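Data block below; observations after.
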Amino acid sequence: MDIFTNVEFIILLTLGFGVIAYLVGRYNKTAGAFATIIGTAITFLAVAYYGLNGELDFTADLFPAFSYGFSNLGIFFAVIVSFIFLMVSFFNPYFVGKYKYPALYSMLFMFSLAGAMGVFFTNDFLDMFFFFEFVVWTSLFLIPLGGSKKAATMYYGFSAAGSFALLFAIFMIQKETGRFNMETAFAHVFTTKQSVVIFFLFMFSGFAKLGAFPLHIWLPKVLGKAPDPISAVFSGGLEKLGAFVAIIGIIRFMPMAITDTAGLFAYLNATAFLSNGMTLLQLIIGLLGAMTIVFGTLMAIRQDDAKKLLAYSSMSNGGYILVAIVLMDSITFSGGLYHIVAHALASTAAFLAIGAVSRQTGTTKMSELGGHIHEMPITYMVYLIAIISMAGIPPMGGFISKWLIFQGVIDKGLIVIGAATFFGSIGSFLYVFRPLAALFLGQQLPQFKDKVKEAPILMLIPLLVLSALNIVTGIFPIQSMRFLNINAVLNELGLQSLVFNGWTIAGHNGGLQATLIAGMFGIGVVIAFVLFMLLKKSKQVGLMDTYTAGNFIYTEELLHYSVDFYAPLERLYEKYINIMKNFYKSLANKVKEFGRVTKYFFFTNKPEITVFWIIVVIAFLLWGDIV
Amino acid sequence: MMVGILTGFGVALFGFVWQTSLGGISRKVVARLQKRYGPKWYQEFLDIFKLLSKRATSHGWIFDLGVIMALGGIIATAAFMPVTNDIFAFADFDNFFIYVYLIAVGMLGMAMSASGSGNPLASIGVMRALTTMLAYEVPFMVIVMVIIKHAGTSSLRGIAMAQQDAGMWYMVALPLGFIVAFICLLGMLGKKPFETYIAPAELASGPMVEYGGKQLGMLFIMHEITVFIEVSLFVHLFLGGAENIFVFLLKYFVVYSVANLVSNVNGRFKIDQVVVFFYKWILPLAMIQAFVALYMNGWWN
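Chains H and A are the protein sequences, given in the same order. Just so you know, we're using numbering that gives the first Met the number 0 here: the first sequence kicks off at 0 and counts up by one. Just so you know, we're using numbering that gives the first Met the number 0 here: the second sequence kicks off at 0 and counts up by one.
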């Protein structure tokens with residue numbers, strides 16, 4: 000099995016499975032989808048087993064143009080993303096039939112995984128750009144299968160902007176160091192003003208891929224409109240590519256060593272700004288992260304489509320990751336890494352649970368659904384566990400990461416960013432509860448009665464595995480972090496290790512004993528359960544048998560409160576929600592106008608104008624020879 | 000560890016008994032305020048035990064499970080609460096964030112159960128409760144952030160002892176913050192300007208509308224312990240904790256009674272007014288306090 004330790008082989012194998020899935024899928028769509036399960040499983044097992052044991056082989060024999068290199072950060076991301084792909088692939092057999100090109104779907108699914116693996120394993124910036132584009136192009140054709148071309152164009156627009164920013168940064172790095180190699184670039188100390196530009200380009204690219212404010216417009220569109228499994232893949236996996244770029248940008252290219260600068264650049268690097276050791280650059284990125292949190296939260300609260308709601312929640316969690324990374328403090332940074340894990344698990348579980356509901360009922364609109372807990376209790380529990388983690392409530396993984404992030408935010412005394420993280424944290428209770436209440440609880444609507452069944456067993460497997468992991472990451476955070484080599488990642492990035500004292504994680508202002516919290520919660524529930532069982536048994540009544548203040552109501556819809564759930568709150572800010580959208584709209588208009596102007600001058604059907612421009616161009620080209 | 004766990008549940012039980020008695024006393028106080036005679040001080044106990052012994056109706060398994068999760072979560076939260084400098088369950092784990100987030104498990108359980116009843120009034124109540132939470136929690140956290148940053152620890156007992164050592168309560172050191180936190184406490188307790196989510200005359204008690212019998216009894220127990228947690232949190236954060244149990248009981252009594260009296264001379268906000276009130280007035284106050292405390296302390300030192 001030695002060959003499976005070779006990264007190049009793993010990537011080629013993943014691509015190969017894509018081709019197999021396509022060929023098989025031509026004859027039988029479901030069989031093609033099953034091939035994706037096998038392919039992702041092999042990729043994940045190889046990456047996780049050999050990667051976490053440090054046995055991966057990075058030599059490139061077949062295609063020497065590509066070079067790969069060992070990095071703990073890359074392996075950390077590769078394990079998570081390939082795991083998310085594996086979990087989602089179990090949904091493929093049930094969903095491919097719905098799409099126009101099922102075989103293509105299976106192929107692109109595998110290809111985008113291969114591209115993502117390439118991004119994480121390569122040690123050459125140009126290869127990284129190539130793999131990045133590969134992911135963009137493969138996922139680009141997956142999105143319109145969900146029925147919205149506009150979402151795909153938007154994704155492409157923002158992604159292309161991000162990719163080109165990355166390309167510029169790469170060229171600038173190459174100009175400075177003379178090579179495209181990552182290690183050379185990381186070792187190089189950038190002392191010129193250009194390093195600020197490189198940093199901003201990297202951040203631009205990271206923001207665009209992560210869907211952070213102000214480059215977030217595509218994220219809800221794509222996640223809301225893409226095929227259900229692809230939404231889960233984006234939220235848990237592909238969006239994390241942005242976090243990967245942002246980490247590289249912040250940790251490796253934060254311009255710390257500019258010496259010969261004055262004016263604006265000196266301010267950017269002033270650490271004495273707030274007497275907490277943070278530079279203005281860090282504050283700017285942190286504030287953008289904070290705005291991402293607040294904006295995502297407010298938008299998530301007012302969505303009616305459950306998938307779109309989760310999309311905005313992904314955006315808001317991306318903000319947490321940004322804030323955690325930019326503080327450059329080992330505890331907070333580990334919180335950011337753990338948040339990537341916790342959010343990937345929780346968000347994928349939530350998206351897949353919604354996907355299961357969508358498959359059984361045909362819609363994800365919250366105003367059209369209700370009472371599905373009675374038909375789909377397992378899906379309900381999966382969603383419940385996922386949202387407990389997303390809201391950062393113990394005993395789930397999200398609590399650990401949020402706790403670690405708060406440590407740094409408080410330690411640095413960041414008021415505005417702190418208020419934003421608290422807001423996002425409380426706000427997440429609001430929005431995650433919304434689908435819980437609207438989809439699963441409340442009245443059982445008559446149009447679905449006796450027509451909806453629990454999801455099939457193969458779909459329940461990933462749901463249950465993800466739920467179990469949500470719980471495990473919350474109860475045994477230290478073991479989970481050791482398993483994922485988080486300390487090795489921290490050390491590799493020049494940060495200190497996270498300190499574990501037995502079962503306690505040491506923070507800036509106290510320790511966290513997650514297992515004890517979970518244990519106490521368990522005992523508390525047992526006490527409550529015993530008390531409940533000891534008391535007289537209740538009489539079961541129907542859902543329509545409720546207090547209605549003396550009115551006679553016989554239709555379920557009238558007793559089902561799910562439309563505009565937070566209407567009084569939404570009314571307070573609904574005037575302001577379109578600010579960014581309008582900005583991009585007017586930007587697009589300006590571009591169009593500019594295009595029209597250009598067209599008017601250059602591409603007309605009047606021969607004299609064309610001749611005029613030809614003369615001008617020739618004159619310009621011959622300038623030195625004639626004059 | 001075993002002793003700690005047992006002590007923890009002892010604290011939860013103590014909190015229930017103490018708060019329920021105090022709740023009875025304040026009903027009496029309020030009655031006198033309104034020129035009524037009022038019920039006996041142990042009326043709340045009678046109510047709860049009566050409810051627990053009655054046969055009730057249930058709206059399905061999630062209705063019951065939510066109640067169990069709610070009570071279990073709150074008992075677990077209370078178990079981490081230190082009472083005095085010496086009476087506590089876990090020396091190093093009385094982390095502030097545990098209370099904020101573990102209490103949320105209980106809240107989520109209750110919200111889930113209430114929505115599971117299928118009554119729209121309950122759902123509206125839950126919506127309002129969550130909206131109110133979004134309003135009061137942020138300014139409160141900002142102030143607590145200042146306290147944790149200043150005390151250097153997020154352990155409640157550590158914060159209380161730091162105040163005792165310095166001879167200066169945060170109530171005095173952070174006057175604006177104290178006002179902010181007290182108003183937030185009114186929101187947490189569901190006291191009157193902010194009791195929009197219970198609103199008996201309007202929503203038929205909101206989330207509680209469908210409950211009866213043991214489920215309602217258990218939610219009453221949960222409510223009493225929740226109040227105990229929130230008021231104790233306030234005592235430890237702003238009033239310097241307690242050296243012994245009598246000081247604790249006295250401080251607790253004062254805070255709860257003042258909150259209760261303030262509540263009874265106020266009307267009720269509409270839900271959007273609650274949000275606007277907190278974000279227009281209270282959050283800026285909290286921000287000012289935080290800015291002054293964190294960045295301007297060099298000016299007079």
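For every residue, glycine included, the Cβ atom is placed at its ideal position computed from N, Cα and C. Note that the coordinates shown come from a computational prediction; the quantities given were computed from them, not determined experimentally.
Cβ neighbour criterion (16 or more within 10 Å) applied to residue i
i, result
"A/Asn300", "Residue placement at A/Asn300 cannot be trusted, given a pLDDT of 43 that sits under 50; the coordinates are not used to answer."
"A/Ile142", "buried"
"H/Pro228", "buried"
"A/Val145", "buried"
"H/Tyr311", "buried"
"H/Arg301", "buried"
"H/Lys401", "buried"
"H/Phe119", "buried"
"A/Ala90", "exposed"
"H/Gly361", "exposed"
"A/Asp164", "exposed"
"A/Trp298", "Caution applies to A/Trp298, whose pLDDT of 49 falls short of 50 and renders its modelled position unreliable; the value that the coordinates give is listed next. Answer is exposed; the Cβ neighbour count stays below 16."
"A/Met1", "exposed"
"H/Met458", "buried"
"A/Gly240", "buried"
"H/Leu621", "exposed"
Closer than 9 angstroms at the beta carbon, the chain A residues around residue i
i, result
"H/Gly53", "Going along chain A, no residue has its Cβ under 9 angstroms from H/Gly53, so there is no contact; the nearest lies around 34 angstroms."
Contacts that residue i makes with chain H (C-beta to C-beta distance below 8 angstroms)
i, result
"A/His235", "Simply none; closest approach about 14 angstroms."
"A/Thr130", "Leu429, Tyr565, Pro567 and Leu568"
"A/Arg54", "Lys535, Lys536, Ser537 and Lys538"
"A/Thr152", "Asn508 and Gly509"
"A/Ser57", "Ser537, Lys538, Gln539 and Val540"
"A/Gly72", "Phe520, Gly523 and Val524"
Contact check, residue i vs residue j, beta carbons under 9 angstroms
i, j, result
"H/Met86", "H/Ala211", "no"
"H/Leu637", "H/Glu491", "The structure shown has nothing for residue 637 of chain H, since chain H only spans 0 to 626."
"H/Gly31", "H/Thr13", "no"
"H/Val134", "H/Ser105", "no"
"A/Leu50", "A/Gly211", "yes"
"A/Ser57", "H/Leu542", "no"
"A/Val208", "H/Tyr546", "yes"
"H/Leu61", "H/Leu11", "yes"
"H/Gly241", "H/Gly288", "no"
"A/Ala180", "A/Phe139", "yes"
Contact belief for residue i with residue j at Cβ below 8 angstroms, rounded distance in angstroms
i, j, result
"H/Asp123", "H/Asn180", "6 angstroms"
"H/Met389", "H/Ser346", "7 angstroms"
"H/Thr420", "H/Val322", "6 angstroms"
"H/Ser158", "H/Lys208", "7 angstroms"
"H/Phe82", "H/Tyr49", "The pair is not a contact, with the Cβ atoms about 14 angstroms apart (cut-off 8 angstroms)."
"A/Ala134", "A/Gly186", "7 angstroms"
"H/Ala164", "H/Ser204", "4 angstroms"
"A/Thr76", "A/Ile102", "5 angstroms"
Option in the options with minimal Cα separation from residue i
i, options, result
"H/Ser627", "H/Met480, H/Tyr49, H/Ser329 and H/Leu214", "Residue coverage of chain H in this structure runs from 0 to 626, which leaves residue 627 of chain H outside it and unanswerable."
"A/Pro206", "A/Phe290, A/Lys53 and A/Val66", "A/Val66"
"H/Phe439", "H/Ser424, H/Gln359, H/Phe421 and H/Lys99", "H/Gln359"
"A/Arg127", "A/Phe89, A/Ala11 and A/Ser114", "A/Ser114"
"A/Thr152", "H/Phe405, H/Ile377 and H/Val188", "H/Phe405"
"H/Phe224", "H/Gly288, H/Phe499, H/Ser70 and H/Lys306", "Reading off the sequence, residue 224 of chain H comes out as Lys, not Phe. Ranking the options by Cα distance to H/Lys224, first place goes to H/Lys306."
"A/Val10", "A/Lys39, A/Gly37, A/Pro38 and A/Thr83", "A/Thr83"
"H/Gly475", "H/Ile516, H/Val18, H/Val615 and H/Ser162", "The amino acid at residue 475 of chain H is misidentified as Gly; the sequence shows Phe. H/Phe475 has its Cα closest to that of H/Ile516, out of H/Ile516, H/Val18, H/Val615 and H/Ser162."
"A/Met68", "A/Pro38, A/Tyr41 and A/Leu107", "A/Leu107"
"A/Pro283", "H/Met365, H/Val18 and H/Val415", "H/Val415"
"A/Arg267", "A/Trp40, A/Arg26, A/Val261 and A/Phe193", "A/Phe193"
Min CB distance residue i to chain C below 9 angstroms
i, result
"H/Ser312", "Structure shown: chain C not included; protein chains present are H and A."
Proximity test, residue i beta-carbon vs the ligand ADP heavy atom, cut-off 8 angstroms
i, result
"H/Phe551", "For the structure depicted, the ligand ADP is absent and the ligand set is empty, with no information on it obtainable."
Under 7 angstroms from the C-beta of residue i: neighbouring residues of chain A
i, result
"H/Phe447", "Going along chain A, no residue has its Cβ under 7 angstroms from H/Phe447, so there is no contact; the nearest lies around 14 angstroms."
"H/Gln512", "Phe92"
Contact list for residue i against chain A, beta-carbon separation under 8 angstroms
i, result
"H/Gln193", "Here the premise fails: no neighbours, minimum Cβ distance about 33 angstroms."
Listed by chain order, chain H residues near residue i by CB distance under 7 angstroms
i, result
"A/Met68", "Val524"
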